[in-house]
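Chains as they are written, first to last, in our numbering: chain A, 1 to 189; chain B, 1 to 189.
Just so it is clear, CB atoms sit at the ideal spot from N, CA and C, and this is done for glycine as well.
Here you go:
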């Protein structure tokens, strides 16, 4: 099982946004949608051994975590609107501090990064990290930021995490996920 | 300069489709939109040395080619609706056999794969090809299919092309583009 967590710094925590305006009114929800697609989609298949957490830190708060589980998820297509729709359904559900399913394989809870870091031994995908191609054993949980850098609180929380890089250029989070999964695929052969 | 060409087997050749239904009524235009994003986007930057051709082979025909040029393109954001909107504007333009600009850095002409193959020395990204990591010099033009396999006509046209694979799993075209660009980035360091 491989876990990804993506921080959406401005991603709305309620469902009051339009699927037609995910980059704007939804707080760059499009970035998180692409991370979901990158985490799960193979050609005509899904990666059943992946779980993807979206940490939504935008308005109106408090922050929430949406979880996609590859071994259970249904109704997920690779286009942004598809994952956006499932995220929106999750955010429309009232939730507490434990994950509550909104659709098959998608669930939501209150809380964010601090709790996730207690639950998985995350590494940070970071352009300053060790090259994944040259690394020894890789961890099975990876944290990615959205279009914004980690803020001070996140930097403190992640200060001790191992850091890995997927290449020499600074990339979008979903592209980093694709590259990391390719490295894992190659090691699994 | 690196060129990508993506074949959209069912992608509509006119602009009479909705940005809200790109996987359906537009003939899996979402696949082509993601290929555009993968071709150009770096974190807070664009790959100016990439050109991406979309070969639209769906209804109503005749087939058209939409070209995105990284050194000229404007108004392009990474979400699917953004590239979809630029594709739609290109398809709304009447065009002949030479590229005609619809917006900055986006242009369209009639014609498809056969003509592109005369203009660039393409290789085919194909899961049965040679591993790009182990390959010697790589070409500078790569052909990718959408969610469908190459048809008989395309197989004949591409029979003599070199073939490269980006990894052991069968992937979406945009993910293959991300992986290929990463390999080129690493070689350019």
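Using a Cβ cut-off of 7 Å (strictly closer), state whether residue 79 of chain A contacts chain B. At least one chain B Cβ lies under 7 Å of residue 79 of chain A.
Between which residues of its own chain and residue 170 of chain B is the CB-CB distance below 8 Å, once the five residues before and five after are set aside? Answer for residue 170 of chain B: 127, listed in chain order.
Whose Cβ in chain A lies nearer than 8 Å to the Cβ of residue 166 of chain B? 182, listed in chain order.
Could you have a look at residue 85 of chain B and say whether DSSP puts it in helix, strand or coil? It is helical.
What does residue 144 of chain B reach in chain A if we use C-beta pairs closer than 8 Å? In chain order: nothing, as chain A lies at least about 11 Å away.
Residue 123 of chain B and residue 139 of chain B: beta carbons closer than 7 Å? Judged by beta-carbon spacing, residue 139 of chain B lies within the 7 Å limit of residue 123 of chain B, meaning their Cβ atoms are closer than that value.
Please list, in chain order, all residues of the same chain as residue 58 of chain B whose beta carbon is under 8 Å from its beta carbon, the five residues on each side excluded. Closer than 8 Å at the Cβ level, and outside the excluded window around residue 58 of chain B, lie 8, 9, 10, 11, 12, 13 and 27.
What three-state label does DSSP hand residue 173 of chain A in the structure shown? DSSP places residue 173 of chain A in helix when its eight states are reduced to three.
I'd like the list of long-range same chain contacts for residue 108 of chain A, defined as Cβ closer than 8 Å, with 5 residues on each side in sequence excluded. Excluding its 5 nearest sequence neighbours in each direction, residue 108 of chain A has C-beta neighbours in its own chain below 8 Å: 64, 65, 66, 67, 90, 91, 93, 95, 99, 100 and 102, listed in chain order.
For residue 30 of chain A, count the other beta carbons within 10 Å of its own beta carbon; 16 or more makes it buried, fewer makes it exposed. Which is it? The residue in question, residue 30 of chain A, is buried, as its Cβ has 16 or more Cβ neighbours within 10 Å.
Every unbroken alpha helix (DSSP H) inside the region 54-118 of chain B [4 residues or more]: Counting only runs of 4 or more, we get 80-92.
If the criterion is Cβ atoms closer than 7 Å, does the pair residue 105 of chain B and residue 69 of chain B meet it? Taking 7 Å as the cut-off, the Cβ atoms of residue 105 of chain B and residue 69 of chain B count as close.
Between residue 163 of chain A and the rest of its own chain, which residues show a CB-CB distance below 6 Å, the 5 nearest in sequence each way excluded? Closer than 6 Å at the Cβ level, and outside the excluded window around residue 163 of chain A, lie 124, 126 and 129.
Does the Cβ of residue 155 of chain B have 16 or more other Cβ atoms within 10 Å, making it buried, or fewer, making it exposed? When all chains shown are included, residue 155 of chain B counts as exposed.
Quick check on the burial criterion: 16 or more other C-beta atoms within 10 angstroms. Buried or exposed for residue 25 of chain A? Its Cβ having fewer than 16 others within 10 Å, residue 25 of chain A is exposed.
Tell me whether residue 21 of chain B sits in a helix, a strand or coil according to DSSP, three-state version. It is helical.
Spell out whether any CB of chain A is found under 7 Å from the CB atom of residue 172 of chain B. For residue 172 of chain B, the nearest CB of chain A lies under 7 Å from its own CB, placing it at the interface with that chain.
Using DSSP bridges, identify the partner residues of residue 137 of chain A. The partner list for residue 137 of chain A (beta bridge, DSSP) is empty, contrary to what the question assumes.
When the cut-off is 7 Å and only beta carbons count, does residue 178 of chain B lie next to chain A? At least one chain A Cβ lies under 7 Å of residue 178 of chain B.
Would you mind sorting residue 80 of chain A into buried or exposed? The rule is 16 or more other CB atoms within 10 Å of its CB. It is buried - the Cβ of residue 80 of chain A has at least 16 other Cβ atoms within 10 Å.
Is the separation between the beta-carbon of residue 116 of chain B and that of residue 5 of chain B shorter than 7 Å? With a cutoff of 7 Å on beta-carbon distance, residue 116 of chain B and residue 5 of chain B are scored as near each other.
Below 7 Å on C-beta distance, what does residue 73 of chain A contact in chain B? Ordered by position in chain B, no residue passes the 7 Å Cβ test against residue 73 of chain A, which lies about 17 Å from the chain.
Where the alpha helix (DSSP H) through residue 40 of chain B begins and ends: Boundaries of the alpha helix (DSSP H) harbouring residue 40 of chain B: 29-40, taken from the DSSP string.
Using only CA atoms, which one of B:3, B:18, B:46 and B:22 lies nearest to residue 172 of chain A? Of the candidates B:3, B:18, B:46 and B:22, the one whose C-alpha sits nearest the C-alpha of residue 172 of chain A is B:46.
Considering only C-alpha positions, which residue in the set B:159, B:84 and B:142 is nearest to residue 177 of chain B? Looking at the Cα atoms, B:142 is the closest of the given residues.
Which term fits residue 38 of chain A, buried or exposed, when burial requires 16 or more other beta carbons within 10 angstroms of its beta carbon? Answer is buried; the Cβ neighbour count reaches 16.
Can the beta-carbon of residue 174 of chain A be found closer than 7 Å to that of residue 35 of chain A? With contacts defined by Cβ atoms closer than 7 Å, residue 174 of chain A and residue 35 of chain A form a contacting pair.
Does DSSP put residue 159 of chain A in a helix, a strand or coil? Residue 159 of chain A: coil per DSSP, three-state reduction.
Would you mind working out which of A:33, A:22 and A:137 sits nearest residue 53 of chain A, comparing C-alpha positions? Per the C-alpha coordinates, the member of A:33, A:22 and A:137 positioned closest to residue 53 of chain A is A:33.
Beta-bridge partners of residue 125 of chain A, as assigned by DSSP: For residue 125 of chain A, which the question treats as bridged, DSSP gives the partners A:164.
Closer than 6 Å by C-beta to residue 2 of chain A: which residues in its own chain qualify, once you throw out the five before and the five after it? Chain order, please. Within the same chain, residue 2 of chain A has close Cβ partners 50 and 140.
Is residue 40 of chain A close to chain B? Criterion is C-beta to C-beta, closer than 7 Å. Closer than 7 Å: no.
Residues sharing a beta bridge with residue 131 of chain A, DSSP: Bridge partners of residue 131 of chain A: A:165.
Mark residue 83 of chain A as exposed unless 16 or more other C-beta atoms lie within 10 angstroms of its C-beta, in which case mark it buried. The residue in question, residue 83 of chain A, is buried, as its Cβ has 16 or more Cβ neighbours within 10 Å.
Quick check on the burial criterion: 16 or more other C-beta atoms within 10 angstroms. Buried or exposed for residue 165 of chain A? Answer is buried; the Cβ neighbour count reaches 16.
Chain-ordered neighbours of residue 10 of chain B on chain A, where CB pairs are closer than 8 Å: Here the premise fails: no neighbours, minimum Cβ distance about 14 Å.
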